[in-house]
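Okay, so the sequence shown: first residue is 734 according to my numbering, each after it adds one.
For every residue, glycine included, the Cβ atom is placed at its ideal position computed from N, Cα and C.
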Amino acid sequence: QAEFGGSLRFEAGARIDGEDGFAWAQAAIARLKAMDNVRLLTRTTAFGYYAQNFVGLVERVSDHLQNPGRELARERLWQVRASRVVLATGAIERHMVFADNDRPGVMLA
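Here it is, written out as structure tokens:
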């Protein structure tokens, strides 16, 4: 996403620690932006989590620009070794269509 906050930006009534979810997210983002040892990356997707907390990220640098120019990279690869990693994908499972895919134990979590 181009902006931080995920579904809290759109979900009315979401609350975290008794506070409006969107306001909580905005405050958390502001605290992170104020830290010298934190870099926030929008338009970035983690594509792999490997041994010893190694994470592969791809940042879409210029896909959203109408005329990015030749000097600007389209994507940037980040190789991150983190002391801690939180896996919070927010994913929705999308099943593939094939015969008997709805049988117990065939697919999905």
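If residue i and residue j are in contact, beta carbons under 8 Å, what's the gap, nearest whole angstrom?
i, j, result
"G754", "A760", "Contact doesn't hold; Cβ gap of about 11 Å is too wide."
"A806", "V794", "5 Å"
"G739", "G823", "6 Å"
If you run the structure through DSSP and keep just helix, strand and coil, what is residue i?
i, result
"I749", "strand"
"F780", "strand"
"G739", "helix"
"A836", "As written in the sequence, residue 836 is Arg, which differs from the Ala given in the question. It is coil, neither helix nor strand."
"L790", "strand"
"L853", "Outside the shown range of the chain, which is 734 to 842, sits residue 853, and nothing can be said about it."
"Q734", "coil"
Leaving out five residues before and five after residue i in sequence, what residues of the same chain have Cβ atoms less than 6 Å from its Cβ?
i, result
"A779", "V788 and L790"
"F737", "I762"
If I measure Cβ to Cβ from residue i and keep anything under 7 Å in the same chain, skipping five residues before and after, which residues do I get?
i, result
"E792", "L774, R776, T777, E808, R809 and W811"
"E744", "G754"
Between which residues of its own chain and residue i is the CB-CB distance below 8 Å, once the five residues before and five after are set aside?
i, result
"L820", "Y782"
"N786", "R814, A815, S816, R817 and V818"
"R742", "E736, F755 and A758"
Original post:
At what residue ranges does the region 797–833 contain a whole run of the beta strand (DSSP E), taking only runs of 3 or more?
Top reply: 808–814, all fully within the region 797–833.
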